[in-house]
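Trainee: One structure is given below, represented as structure tokens, and several questions about it will come after.
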Amino acid sequence: MKNDREFSPQHLAYLRGVRNKSILVNVARISILFVFLLLWELSARQAWVNPFITSSPSRICKAIADLHRNGTLFHHVGTTLKETLIGFAIAVGLGYSVALALWWSEALRRILEPYLVVLNALPKIALGPLIIIWCGTGSEAIVFMTVLIGLIVAIMNMLSGFMATDENKLLLLKSMGASKLQILTKLVIPSSLPNFISMLKINVGMAWIGSIMGEYIVSKAGIGYLIVYGGQVFKLDLVMSAVFILCMLAAIMYAFVALLERLVIKNR
Amino acid sequence: MKEVLRFDNVSMRYHSKQGETVALENVNFSVAEGEFVAIIGPSGCGKTTVLSLAAGLLTPTQGRVVSDGSSFGYMLQKDELFPWRTIEKNIFLPLEIKRTNTPEQRARAISLAEKYGLKQFLKNYPSSLSGGMRQRAALIRTLAVNPDVLLLDEPFSALDYQTRLSVCDDVYKIIRNEKKTALLITHDISEAISVADKIFVLSKRPASVVAEHVLTFPESEPLKRRENVEFSRWFEILWKELNA
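Chains as they are written, first to last, in this note's numbering: chain G, 3 to 270; chain Y, 1171 to 1414.
Right, here's the structure in full:
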């Protein structure tokens, strides 16, 4: 970093402006959350709204503490987290491989295109009853649902990344006499890395949709189970707590992907 | 002089659902060892097709492309350096493709890069280099596998005018210095005059060779040639032929 004295006053003013703006953004972000929580708590305490229906931050804290005390908090979180991560990994891995196969063979790509489009448009939850019959009522069903939801999106995202490979770079490699496998490993895979990262980001969301939806349909434990159960017995504190935990977990998983992005895409 | 490449009545047609395009019609020319040959033609006349045929990426519909077994190196309009590789790794790329990525070959490529002023950039990524330096790195990458003939597809057209002149000068000197045969494709008449020993003029599509000129300049360097009185005379001749 340069010393302050080396800059002109105008530049220093500019830097100050940039810094102030970013401080403002951060302060505004935190205040919104703070004010929201405060108003929520206040309106519940003052009975402006019915806390039985809206719950409140303090009641959510208490519900989470209760879950922790009776020892089921980590059981539920762990169940959903495991299902989500396994489903996510399978969807990403399988999706990447299928996309590779489709890139490799133009015939295959053209033949399978309408199937992909239809499967992509199909609301996977419609397959709920089938999944229960095929996979039973255990975690397998939920993982299966997660894979179903993420897979097609993963394939389509990666395929469009592979197909967007620069024509001139392809020509360059061909002029060097590169084989298709070399083109794939030297050019197509590295140049589609940004697509891979954005595919991961999209699939973080998809995996949570899949696992929670799966738990709605069939489950004995998990965050989705807590939400459904809480709704059925009208314990909305429990529902809100589960949603809050879900927010946290999704944010953490997204942060991991964002970190990965920072590590991989330094030089572009 | 030994002939390294010859086009014998080469015709090329492209097929698509919309119809058939005749890109080349009976193209004849040859390139001798050590020559710097330029092919000029109006834009869209199928110049790039000529290079793709020469490089063996396409097979002619009719006629023959004869080469004496020389190896070819292709240089494109843009440098096409891979942004995720350092300059050094970019230069090694053809070695990896040709599976000759041995320490000796790498050392050869590195010494070539150092000889032509890329030493300090070897560990840098392409994004940190100027357009001219990037094009130079692209040339060194092409030279890394020691090809006999360089195929240059408008290699300067993506650069701004100032840079183009100096990079052209630069590339010319390196090619001469390394005693390579070169086949340059361009629509830029002055560029062709400033570097070539021999110029072939292509007609509009379907392209065929309408003229052949042997250029003799007392000076060989592109920038010096541009100052010569002969330069504008050649320019006029070629201009008329191109627009005939």
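Think of the CB as a built atom: it goes at the ideal place given N, C-alpha and C, for glycine as much as any other residue.
Note that the coordinates shown come from a computational prediction; the quantities given were computed from them, not determined experimentally.
So, helix, strand or coil for L87/G, using DSSP?
Mentor: Residue state, collapsed to three classes: helix.
Trainee: For a test of the three-state rule: what should DSSP assign to I1369/Y, helix, strand or coil?
Mentor: I1369/Y: strand per DSSP, three-state reduction.
Trainee: Would you call P116/G buried or exposed, if buried means 16 or more other Cβ atoms sit within 10 Å of its Cβ?
Mentor: That one is exposed.
Trainee: Is A93/G closer than 8 Å to T56/G when the C-beta atoms are compared?
Mentor: The answer is no: Cβ separation not under 8 Å.
Trainee: Under 7 Å between beta-carbons, which chain G residues line up against W1404/Y? List them in chain order, please.
Mentor: Neighbours of W1404/Y on chain G: none; closest Cβ ~30 Å, over 7 Å.
Trainee: E1250/Y versus chain A: which residues are under 7 Å apart at the beta carbon?
Mentor: No chain A is present in this structure, whose protein chains are G and Y.
Trainee: Which residues of chain Y have a Cβ atom closer than 9 Å to the Cβ of G163/G, listed in chain order?
Mentor: Those within 9 Å of G163/G in chain Y number zero; the least Cβ separation is about 14 Å.
Trainee: With a threshold of 8 Å between beta-carbons, can A1279/Y be considered close to chain G, or not?
Mentor: Output row for A1279/Y: interface = no.
Trainee: Secondary structure at L1228/Y, three-state DSSP: helix, strand or coil?
Mentor: Reduced to three states, the DSSP call for L1228/Y is coil.
Trainee: Is it right to say K176/G is buried, meaning 16 or more other beta carbons lie within 10 angstroms of its own, or is it exposed?
Mentor: Answer is buried; the Cβ neighbour count reaches 16.
Trainee: Just curious, the beta strand (DSSP E) that E1382/Y is in, first and last residue?
Mentor: From DSSP, the beta strand (DSSP E) with E1382/Y extends over 1379–1384.
Trainee: Just how far apart, CA to CA, sit N1179/Y and L1221/Y?
Mentor: Near 15 Å, if we compare the C-alpha coordinates of L1221/Y and N1179/Y.
Trainee: So which of E1205/Y, K1259/Y, E1391/Y, R1255/Y has the shortest CA-CA distance to S1336/Y?
Mentor: Out of E1205/Y, K1259/Y, E1391/Y, R1255/Y, E1391/Y has the C-alpha closest to the C-alpha of S1336/Y.
Trainee: Output, in chain order, the set of chain G residues within a Cβ distance shorter than 8 Å of K1268/Y.
Mentor: Neighbours of K1268/Y on chain G, chain order: M178, G179.
Trainee: So what does DSSP say about H1357/Y, is it helix, strand or coil?
Mentor: In this structure, H1357/Y counts as coil in the three-state DSSP scheme.
Trainee: Taking just the CA atoms, how far does N22/G sit from K4/G?
Mentor: Because the pLDDT at K4/G is just 48, under 50, the model does not fix this residue reliably, and the value given afterwards should be weighed accordingly. Cα-Cα distance, rounded: 20 Å.
Trainee: Under three-state DSSP, which class holds D1318/Y?
Mentor: Three-state result, D1318/Y: coil.
Trainee: Who are S1200/Y's beta bridge partners in DSSP?
Mentor: In DSSP, S1200/Y forms a bridge with R1176/Y.
Trainee: Short check: CB of I267/G to CB of P196/G, under 8 Å?
Mentor: Contact: yes.
Trainee: When the cut-off is 8 Å and only beta carbons count, does A1225/Y lie next to chain G?
Mentor: With 8 Å as the cut-off, A1225/Y counts as an interface residue toward chain G.
Trainee: K182/G touches chain Y at which residues, Cβ-Cβ below 9 Å?
Mentor: Near K182/G there are no residues of chain Y at all, since even the closest Cβ is about 12 Å away, more than 9 Å.
Trainee: Just the Cα atoms here: how many angstroms apart are K182/G and S107/G?
Mentor: Their backbone Cα atoms lie some 11 Å apart in a straight line.
Trainee: Just to confirm before moving on: does the CB-CB distance between L1313/Y and L1353/Y stay below 8 Å?
Mentor: The answer is no: Cβ separation not under 8 Å.
Trainee: Examine the Cβ distances between the segment 41–61 of chain G and the segment 227–240 of chain G and report whether three or more of them are shorter than 8 Å.
Mentor: Yes: at least three Cβ pairs fall under 8 Å.
Trainee: Do E1173/Y and Q1247/Y have their beta-carbon atoms positioned less than 8 Å apart in this structure?
Mentor: For Q1247/Y and E1173/Y, no; Cβs fall outside 8 Å.
Trainee: Give a yes or no on whether 8 Å exceeds the smallest Cβ distance from P192/G to chain Y.
Mentor: Judged by the 8 Å Cβ criterion, P192/G is in contact with chain Y.
Trainee: Please look up how many angstroms separate the CB atoms of L1292/Y and I1359/Y, rounded, as I've assumed it's under 8 Å.
Mentor: Contact flag wrong, Cβ pair sits at about 36 Å.
Trainee: Between which two residues does the beta strand (DSSP E) harbouring F1206/Y extend?
Mentor: Start and end: 1206–1210.
Trainee: Judging by CA-CA distance, which residue of H1383/Y, G1214/Y, A1277/Y, F1252/Y is the nearest neighbour of S1297/Y?
Mentor: It is F1252/Y whose Cα lies nearest to the Cα of S1297/Y.
Trainee: Can you find a C-beta in chain G that's less than 8 Å from the C-beta of L1417/Y?
Mentor: No answer is possible for residue 1417/Y: the residues shown for chain Y start at 1171 and end at 1414.
Trainee: According to the Cβ coordinates, are M178/G and I1310/Y closer than 8 Å?
Mentor: Not in contact: M178/G and I1310/Y (Cβ atoms no closer than 8 Å).
Trainee: Which residues in the same chain have their Cβ closer than 6 Å to the Cβ of A252/G, if we skip the five residues on either side of it in sequence?
Mentor: Correct list, in chain order: W210.
Trainee: Would you mind reading off the limits of the beta strand (DSSP E) that contains Y1244/Y?
Mentor: Unbroken beta strand (DSSP E) run through Y1244/Y: 1242–1245.
Trainee: Residues of chain Y with CB closer than 7 Å to the CB of K203/G, please, in chain order.
Mentor: Within 7 Å Cβ-Cβ: nothing; K203/G doesn't reach chain Y, min ~20 Å.
Trainee: Determine the extent of the alpha helix (DSSP H) in which T1333/Y is found, giving its start and end residues.
Mentor: Per DSSP, T1333/Y belongs to the alpha helix (DSSP H) from 1331–1347.
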